[in-house]
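Engineer: My questions will all concern the structure given below.
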Amino acid sequence: MAEVAVNLVLERLISFLNEEMQLLRDFHTEVADIKLELQFLSSFLRDADARAATEGSDEGVKTWVKHVREAAYGIGDVIDEYMLCAAKHRDQHGFKAFLKRIAGRIRSLKKEREMMSKIQDLKRSVHEIGNKRRRLDIHVSEQGGSSRGHVDPRAGLHFVESDALVGIEDSRDELIRRLNDGESMRTVISLVGMGGIGKTTLAKKVYDDVKDSFEFDCHAWITVSQSNIMVERLRTMIRRFHEAMNEHLPIGINDVTDAEELIGKSRDYLQYKRYVVVFDDVWDEQFWQVIQSALPENNNGSRVLITTRSLSVAEFCKQSCLVHVHKLQHLSLEMAQDLLCRTAFRFDQQKDCPDNLKYLSFDIARKCDGLPLAIIAIGGLLSTKGKDVYEWTRLCDDLSKQLKSNPHLAHVKTILSFSYHNLPYYLKSCFLYVGVFPRNHHIRVKKLIRLWIAEGLVKENQEMTLEETAEAYLTNLINRSLVQVEWSDSTGRVRSCRAHDLIHEVLLSKLEELSLIQSSEAGSNVGARYLWIDNNRACDLSRRSGNFQTHSIIFFNLQQLHEPIFERLSSNFELLRELDFENAPFEYLPEEIGNLWHLRHLSLRYSKVKMLPKSIGKLHNLLTLDLKGSLVVEIPDEVRGLCKLQYFRAYSVDHDNDYNINTDQGVRINGSVIGSLESLEKLYYVDFQSQNGKHFGRELGRLKRLRKLGITKLKSDCGEALCGVIKQMHHLQALRISAVKEDEVLELESMSLPPSLQRLRVHGRLVKLPGWISEVENLVKVSLHWSGISDGSIKILGDLPKLLEVWVHEGYDGVELHFEQGKFQKLKYLALRCLYKLEKVVIERGSLPCLETLGIGPSPLLQEVPINIGNLECLKNLEFHNMPKEFAQKILPSEGPDYWKVKGIPNVCLQYTCRGLYGESYKLGDFRLRQYLYQT
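The sequence shown begins at 1 in the UniProt record's numbering and counts up by one.
Right under this line is the structure:
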């Protein structure tokens, strides 16, 4: 973690020295000297961090790493304090301010001397740290760190008793089939999953079955892990091939040090053989780039099985050969409990769990979150406890502490930690931030990446925006099996994610070890960077005193918020960067919020706040302002001071009434204010001011960096002005336009959309689709609400080559909807909502070949499910919304005459709204559905 801290502060130092040219000369010199020393030290930190993380490592190294980390944080804090002090002087104007500046200058001289003293102390500390590095013999290391004779806890994982093989039968059979049968060309089968999920165990079982089947001429198993000594790996592979066939090793093979010579020997040996080779625990894409040359493509049906935590490794192999990727899934709760009991009672003849321990066994299995490594380790520990209910209860209640301290479970945390230690520093810091959220919390992706950006964890990239870079970081963590996808939409965007429960324990342990996090239950820790407040303990924050270095405060599940908290925040948390009040129950945001000069992220999402204070304009560093679901309807002119604002989301949602064009209410904002926010990349939703449409449009056109724009309350006579604005937005990716009322005709024919546009949503009357829509070939999602389009317009949409999702809500006036052959070739999601004139749907064979989800209703005149719905071979979800009861009765199992049409679809559900946007959903076959349909 010292590597993370130092590299982050180095980036800040470089930016600081470039931007703050009016620094005191001596202060500038001292900071520059520290920067040079830290740059030198950073090259040694990967080796030091790896050694410090090893069990039983030298305490001197651990202490050195801690000192480096604390020095880096101290430097960052001094910079923040200096910038805050300078900003306070710049913001003073007028005669009173002149008098205040005189007094302030006296105070600032004292402050400057204090900061100068701090920076000199830090400089001496950094130089002393450099001297200690030489005494501790810490070196520059290659990627992967140092093991220093450490015993790898993964050694022997593939030697597992048969009792531990639970839930692998289907995967085993599929892998054996892919190895034995199929194409004659060399093929790679990649087994992908997080650490501890059982990749090695499954691969060994498959390998043992295959090598004994005499399907292959030779075979070898090589454990790769994080070693980067390629020559040794090549030599080991050749040795294993010969040993498996009881052959003598090539003479002098152990003395060969040239990789090309070893590749040649391997190719000569394998040239005419059908071989199978397993590379277990591969971490690096470059491994395959070298090893593939030693494995000839001889069209003999040879197979390569790779186990890896990284999807990127698996995908990399596709550049040179056929690849099948098999993602290993977590065990279900029932399988996990079965495995736990098999292990815990392995010395019992029956291996059954007693009735008085069954509830506890399920509870423990649930906490293992389907991870076989943890289940087997905990089961082994429980086998030493007998059937003592007290011991089982104590372990269940104290599992987090047991994972940290019990030697029987130490290897679980160590194995899971390997993935963390293998990350580059910029991903380590982002990954650690995931641990700030509570266990099993589904994290909204947009929120996570905005917090990363606000904390300064995302590196600048000239080719991408910060948000695009952050999304790439998250994809990398997902591909490394460190972060799990909880929900992704039909266009493939990941919308929510989480850390596996045991990975979260590792993250929390690391954050606590580094003194980076503090919960509301813990005591005061002024150095903690991240503070999360849960279970209605916000009052604890208002009672705290001291000058905190906290950067991030996130609230969860609050029932009450005390007003003194804001005064405490502005006085004791001056370095605060992220403040997230999502769902917090308060109605008033006080003026003190403007004192948080460093604030970059402010979320009032779903709070009861009705207006923003004028002091909001003092937050010159604010990057994100999230007002979604709040009660704010008008934005004060003072927001023009938010010159760095990138992300502005502001609209209220009416959940209590039926869905209409005003369900999402945008906010009012002065046109001249909009034009001053030139850093904006996302803006939604704002009312288009009809009284001065041209001026508002002209100011809106100054936002050249916009990627997402949402406009509400657009009138017909302002359509042309908006079209002129859109032409200037060359980076636009998502656009929503909403009319002032459902039957307002939108004049959008003159619009020219940029090629970058991917998502289009229109609320209002169109009559027919504008001609330009067929030219926007990158569209992946189109939503048309109250548009009144014809069947011909549907055909135009069907020709868009990349379209994945279509919503039509009261947007079609025809009685028959016809999906022709060859249309909508990539569409995955289709929603036909509130089509009140619709009587018939025809789906030709060859249309909608990739459709996975189809939603229909309410359409009261539609009498039956389309007969040819069976043409949709990929359909997984069929959803009916508020359809007549007679329609629903026709598809009931066993009695419905149309049941045969839908019985092959995996998930069929019917939804009925009871109030506003709230309703009840029933799966086909649910007894409650029958009760609802036949109730009087």
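Heads up, the beta-carbon is just placed ideally off N, CA and C, and yes, glycines get one too.
Does DSSP classify ASN907 as helix, strand or coil?
Structural biologist: One-based indexing of the sequence shown puts residue 907 at position 907. Here ASN907 sits in strand by DSSP.
Engineer: Please confirm whether ASN871 and ILE891 have their CB atoms less than 8 Å apart.
Structural biologist: In the sequence shown, counting from the first residue as 1, residue 871 sits at position 871. In the sequence shown, counting from the first residue as 1, residue 891 sits at position 891. No, they are not a contact pair.
Engineer: Could you compute how far the alpha carbon of LEU619 sits from the alpha carbon of VAL633?
Structural biologist: Working through the sequence shown from its first residue, we reach residue 619 at position 619. Working through the sequence shown from its first residue, we reach residue 633 at position 633. Approximately 20 Å, taken between the alpha carbons.
Engineer: In terms of alpha-carbon separation, which member of GLN889, ILE168, ALA344, LEU569 lies closest to LEU531?
Structural biologist: As a first step, residue 531 must be located in the sequence shown, where it is residue number 531. Here the closest residue by C-alpha is LEU569.
Engineer: So what's THR712 in DSSP terms, helix, strand or just coil?
Structural biologist: Along the sequence shown, read from residue 1 onward, the residue named residue 712 stands at position 712. Reduced to three states, the DSSP call for THR712 is strand.
Engineer: Using a Cβ-Cβ cut-off of 6 Å (strictly less than) and excluding sequence neighbours within five positions of THR853, which residues of its own chain qualify?
Structural biologist: The residue you call residue 853 lines up with position 853 of the sequence shown. Cβ within range, chain order: TYR829, ASN877.
Engineer: Would you call LYS694 buried or exposed, if buried means 16 or more other Cβ atoms sit within 10 Å of its Cβ?
Structural biologist: Stepping through the sequence shown from its first residue, residue 694 is reached at position 694. When all chains shown are included, LYS694 counts as exposed.
Engineer: For CYS834, is the classification buried or exposed, using 16 other Cβ atoms within 10 angstroms of its Cβ as the cut-off for buried?
Structural biologist: Taking the sequence shown and counting its residues from 1, one reaches residue 834 at position 834. The residue is buried, with at least 16 neighbouring Cβ atoms inside 10 Å.
Engineer: Looking at VAL902 and VAL841, is the spacing between their C-beta atoms short of 8 Å?
Structural biologist: Taking the first residue of the sequence shown as 1, we reach residue 841 at position 841. Taking the first residue of the sequence shown as 1, we reach residue 902 at position 902. Cβ atoms of VAL841 and VAL902: not closer than 8 Å.
Engineer: Evaluate TYR272 with the Cβ neighbour count: other Cβ atoms within 10 Å of its Cβ, from every protein chain shown; 16 or more gives buried, anything less gives exposed.
Structural biologist: As a working note, residue 272 is residue 272 in the sequence shown. Classification of TYR272: exposed, given that the 10 Å Cβ count is below 16.
Engineer: Pick helix, strand or coil for LEU830, following the three-state DSSP scheme.
Structural biologist: Locating residue 830 in the sequence shown gives position 830, where the first residue counts as 1. LEU830: strand per DSSP, three-state reduction.
Engineer: Here's the rule: buried if 16 or more other CB atoms are within 10 angstroms of the residue's CB, otherwise exposed. What is TYR420?
Structural biologist: If you number the sequence shown from 1, residue 420 lands on position 420. With 16 or more other Cβ atoms within 10 Å, it is buried.
Engineer: Return the chain-ordered list of same chain residues with a C-beta closer than 8 Å to the C-beta of PHE214, the five sequence neighbours on each side being excluded.
Structural biologist: Counting from one through the sequence shown, the residue named residue 214 turns up at place 214. No residues qualify anywhere along the chain.
Engineer: In whole angstroms, give me the CA-to-CA distance for THR200 and GLY641.
Structural biologist: Here the question's residue 200 lines up with position 200 in the sequence shown. Here the question's residue 641 lines up with position 641 in the sequence shown. If I take the Cα positions, the gap works out to 57 Å.
Engineer: Which residue comes first and which comes last in the beta strand (DSSP E) that contains GLN484?
Structural biologist: For the purposes of this step, residue 484 is identified with residue 484 of the sequence shown, where counting begins at 1. It spans 484-488 - the beta strand (DSSP E) in which GLN484 sits, taken as one unbroken run.
Engineer: Quick check on the burial criterion: 16 or more other C-beta atoms within 10 angstroms. Buried or exposed for LEU305?
Structural biologist: Within the sequence shown, the letter at position 305 stands for residue 305. Buried: at least 16 other Cβ atoms inside 10 Å.
Engineer: Which same chain residues end up closer than 8 Å to LYS211 when comparing Cβ atoms and leaving out the 5 residues on each side of it in sequence?
Structural biologist: Here residue 211 is taken as the residue at index 211 of the sequence shown, counted from 1. Residues HIS219, ALA244, VAL276 of the same chain have their beta carbon placed closer than 8 Å to that of LYS211, with the five preceding and five following residues left out of the count.
Engineer: Whose CA, out of MET230, LEU234, ARG240, ASP170, lies closest to the CA of VAL206?
Structural biologist: Position 206 of the sequence shown, counting from 1, holds the residue named residue 206. Among MET230, LEU234, ARG240, ASP170, the Cα nearest to that of VAL206 is on ASP170.
Engineer: Can you grab the Cα-Cα spacing for the pair GLN402 / LEU395, in whole Å?
Structural biologist: Residue 402 sits at position 402 when you count from the first residue of the sequence shown. Residue 395 sits at position 395 when you count from the first residue of the sequence shown. Going by the C-alpha atoms only, they are around 7 Å apart.
Engineer: Going by the beta-carbon positions, is the gap between GLU391 and HIS442 smaller than 8 Å?
Structural biologist: As a first step, residue 391 must be located in the sequence shown, where it is residue number 391. As a first step, residue 442 must be located in the sequence shown, where it is residue number 442. Cβ atoms of GLU391 and HIS442: not closer than 8 Å.
Engineer: Using beta-carbon positions only, say whether ASP654 and ASN662 come within less than 8 Å of one another.
Structural biologist: Within the sequence shown, the letter at position 654 stands for residue 654. Within the sequence shown, the letter at position 662 stands for residue 662. In this structure, ASN662 lies closer than 8 Å to ASP654 by Cβ.
Engineer: According to DSSP, which residues form a beta bridge with LEU531?
Structural biologist: For the purposes of this step, residue 531 is taken as the residue at position 531 of the sequence shown. Bridge partners of LEU531: GLN518, ILE553.
Engineer: Between which residues of its own chain and LYS510 is the CB-CB distance below 6 Å, once the five residues before and five after are set aside?
Structural biologist: Taking the first residue of the sequence shown as position 1, residue 510 is located at position 510. If we look at LYS510 and ignore the five residues flanking it on each side, it has no Cβ neighbours.
Engineer: So, helix, strand or coil for ILE197, using DSSP?
Structural biologist: Position 197 of the sequence shown holds residue 197. ILE197: coil per DSSP, three-state reduction.
Engineer: My understanding is that ILE517 touches VAL436, with C-beta atoms under 8 Å, so please give their C-beta distance in whole angstroms.
Structural biologist: If you number the sequence shown from 1, residue 517 lands on position 517. If you number the sequence shown from 1, residue 436 lands on position 436. Rounded, the Cβ-Cβ distance is 6 Å, consistent with contact.
Engineer: Going by DSSP in three states, ASN877 sits in which element: helix, strand or coil?
Structural biologist: Locating residue 877 in the sequence shown gives position 877, counting from the first residue. ASN877 falls in the strand class under three-state DSSP.
Engineer: Taking its Cβ as the centre, do 16 or more other Cβ atoms sit within 10 Å of GLU920, making it buried, or is it exposed?
Structural biologist: For this step, residue 920 is matched to residue 920 along the sequence shown. It is exposed - the Cβ of GLU920 has fewer than 16 other Cβ atoms within 10 Å.
Engineer: So, at 7 Å on beta carbons, what are the nonlocal neighbours of ARG577 in its own chain, with the 5 sequence-adjacent residues on each side left out?
Structural biologist: Numbered from its first residue, the sequence shown carries residue 577 at position 577. Once the five neighbours on either side are set aside, the close Cβ partners of ARG577 are ALA454, GLU455, HIS551, SER552, HIS598, LEU599, ARG600, HIS601.
Engineer: Scan the stretch 276-334 and note each continuous beta strand (DSSP E) run of 3 residues or more that stays entirely inside, going in chain order.
Structural biologist: 303-308, 322-327
Engineer: Buried or exposed, going by whether 16 or more other CB atoms sit within 10 Å of the CB of residue 937?
Structural biologist: Since the first residue of the chain shown is 1 and the last is 936, residue 937 is not available in this structure.
Engineer: For LEU680, name the three-state secondary structure that DSSP assigns.
Structural biologist: Position 680 of the sequence shown holds residue 680. DSSP, read as helix, strand or coil, puts LEU680 in coil.
Engineer: Note down the Cα distance separating ARG736 from LEU910, rounded to an integer number of angstroms.
Structural biologist: For the purposes of this step, residue 736 is taken as residue 736 along the sequence shown, with counting starting at 1. For the purposes of this step, residue 910 is taken as residue 910 along the sequence shown, with counting starting at 1. Computed Cα separation, rounded: 29 Å.
Engineer: Taking all protein chains shown into account, do 16 or more other C-beta atoms lie within 10 angstroms of the C-beta of LYS96, making it buried, or fewer, making it exposed?
Structural biologist: In the sequence shown, residue 96 corresponds to position 96, counting from 1. In this predicted model, LYS96 has a pLDDT of only 49, less than 50, meaning its place in the structure is not dependable enough to derive any value.
Engineer: Can you tell which of SER750, GLU742, ALA734 has its C-alpha closest to the C-alpha of GLN758?
Structural biologist: Counting from one through the sequence shown, the residue named residue 758 turns up at place 758. Of the candidates SER750, GLU742, ALA734, ALA734 places its Cα closest to the Cα of GLN758.
Engineer: So, using beta-carbon positions, are LYS387 and PRO354 closer together than 8 Å?
Structural biologist: Your numbering for residue 387 matches position 387 in the sequence shown. Your numbering for residue 354 matches position 354 in the sequence shown. Cβ atoms of LYS387 and PRO354: closer than 8 Å.
Engineer: With DSSP run on the structure shown, which of helix, strand or coil describes CYS85?
Structural biologist: On the sequence shown, residue 85 is found 85 positions in, with the first residue counted as 1. DSSP places CYS85 in helix when its eight states are reduced to three.
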